[in-house]
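Sequential numbering from 6 applies to the first sequence in this note's numbering.
Ideal Cβ placement from N, Cα and C applies to all residues, glycine included.
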Amino acid sequence: MLEIKFVRQNLSKVQKALSTRGETADFETFKDCDARRRTVLLEIEELRHRRNVVSEQIAGMKKEGKDANILVVEMRDVSARIKALDKSLSENEETINNILIRIPNIPHASVPAGKDDSENPIVRQIGKRTEFEFVPKAHWTLGESLGILDFDRASKITGARFPLYFGAGARMERALINFMLDIHTTEHGYKEVLPPFIVNRQSMINTGQLPKFAEDLFKLEGWDYFMIPTAEVPVTNIHQNEILNEDLLPIMYAAYTPCFRSEAGSYGKDTRGLIRQHQFNKVELVKFARPETSYDELEKLLNNAETILKRLELPYQIISLCTGDLGFSAAKTYDIEVWMPEQGVYREISSCSNFESFQARRANIRFRKKGKKGTELVHTLNGSGIAVGRTVAAILENYQQADGSVIIPEALRSYMGGKEVIRP
RNA sequence: GGAGAGAUGGCCGAGCUGGCUGAAGGCGCUCGCCUGCUAAGCGAGUGUGGGGUGAAAAUUCCACCGAGGGUUCGAAUCCCUCUCUCUCCGCCA
């Protein structure tokens, strides 16, 4: 959420920023309500002031045994008036809030302009695209023939877009989770967290999934609870309504969680394989940073995520999301895309964003600056470090052999009991 | 699921027979003093959000004692609903 004062004072700037995202909001209603809000507020505060003063008078008179009835009767009217104005004020504020809460974040100045994902510039490419002397197979073909992936049976258990791993496949998921968490906690300084996988409505609002994107979420029937679409939600909300100690910043968490997404609106896309599932595993990195350093922290976070792909020796590229492709809450986002040989494309495997104070304002996460009065909102950042299912898919495709076997990346072998190759 | 207790400022903790209590006291923190060093000691200050005036420093007003309603001229204090925490019983991996 943007600050109401900021929107009020920078109306055209906000409008312009939104249009670069291909978004708009009802600024006319905002302007009207905002102006009316302040008029009403002024009157309410005057009346309340009067009530406070007179109430004190009444108290004094009663103490002295005098009759205060005239004042009491007068105050009865004042209170009624306050009550009526209060009601109109809160309706007004609700209208304003409904507009504000649907306005996305303003892109950072360094974010490239562009209308959609076709205009995301490549920042860098690392590793040579894997080449084969045979026609490479898709990971689902390999996975099924190796007996480690079974989408048919998964659909019996639940339905389409759910994964079922066996043997070395299941082991590889577990190995990757441990591999990633170990690197981030021991080499990059993140604290490991294991959060709830189900969260309440407020947490979803705080990180920006609600109210706009309810259709992307799985909701629990009979509860106002939701399955998490990413660990970003529970982990960012760890510190909601807290004033953090400046000395502790940046706070860095690494969390493994499964993620649940309805994938509404993606019908027909990536219908096969591990790329687009309703349930997948992910290791997520989350930071709470000082505003002055948050963009440095974003670069570091991106490097931390890249380390995983480097160690696994998977070719990848970094793109910077353009204004039109930026997520709702993000001020800037880098995507990491891994090379998928069968389709011959780079596919998203991590998304690293700086949300600046957008989430912190909703979640009320602040810190106190040394030697300065008052509090300041922290900047929140997060990034996948990295998506586990897609990493399995990338390993299968990039490490496949002519005979249909798959070599296990060296860095991962110790996590898989020394196994070097997966054969049927 | 049943019975009971509780939720107060960065933290701990009074107040809860309604009226200078934004809130005692303590800790912490900041500044100053003192002191061979450290520790201790002394003094002052120290919540958040919003509105008005002001160039600013500042000043003033309003709100906030888990959340939301209600009673009242007036609510941290009384009533209702909800959320969470704790204790006992039941159930349970």
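| Asked | Found |
| --- | --- |
| Option in Val12, Ser84, Pro112 with minimal Cα separation from Asn102 | Val12 |
| For Pro263, the residue or residues it bridges with in DSSP | Asn286 |
| Cβ contact (3+ pairs, closer than 8 Å) linking the segment 296-311 and the segment 85-92 | no |
| When Tyr258, Gln245, Arg55 are compared against Thr191, the one with the closest alpha-carbon | Tyr258 |
| Beta-carbon separation (whole angstroms), Pro216 vs Ile341, contact threshold 8 Å | Not confirmed; about 29 Å, so no contact. |
| The segment 184-203 in contact with the segment 390-401 per 3-pair CB rule at 8 Å | yes |
| Minimum C-alpha distance to Ser24 - residue among Ile63, Glu8, Asp121 | Asp121 |
| Outcome for Val240 when other beta-carbon atoms lying within 10 angstroms are tallied against a minimum of 16 | buried |
| Segment contact, 8 Å Cβ cut-off, at least three pairs: the segment 126-146 with the segment 395-405 | yes |
| Three-way DSSP call (helix, strand, coil) for Asn183 in this model | helix |
| Run of the alpha helix (DSSP H) containing Trp145, from where it starts to where it stops | 144-150 |
| Buried or exposed by the 16-neighbour rule on C-beta atoms within 10 Å, applied to Tyr272 | exposed |
| Bounding residues of the beta strand (DSSP E) (the contiguous stretch that carries Asn205) | 203-205 |
| Counterpart residues of Arg371 in DSSP-defined beta bridges | Ile248, Leu382 |
| Sufficient close CB pairs (3 or more, under 8 Å) joining the segment 26-46 to the segment 122-141 | no |
| 8 Å Cβ shell around Val58 - same chain, five flanking residues per side excluded | none |
| Cutoff 7 Å; reference Glu69; Cβ partners in own chain excluding five residues on either side | none |
| For Ile104, the first and last residue of its enclosing alpha helix (DSSP H) | 74-105 |
| Three-state secondary structure (DSSP) of Ala236 | coil |
| Sequence-distant residues of the same chain with beta carbon closer than 7 Å to Glu268, five excluded per side | Arg166, Arg281, His283 |
| When Gly409, Thr235, Asp330, Leu181 are compared against Ile111, the one with the closest alpha-carbon | Asp330 |
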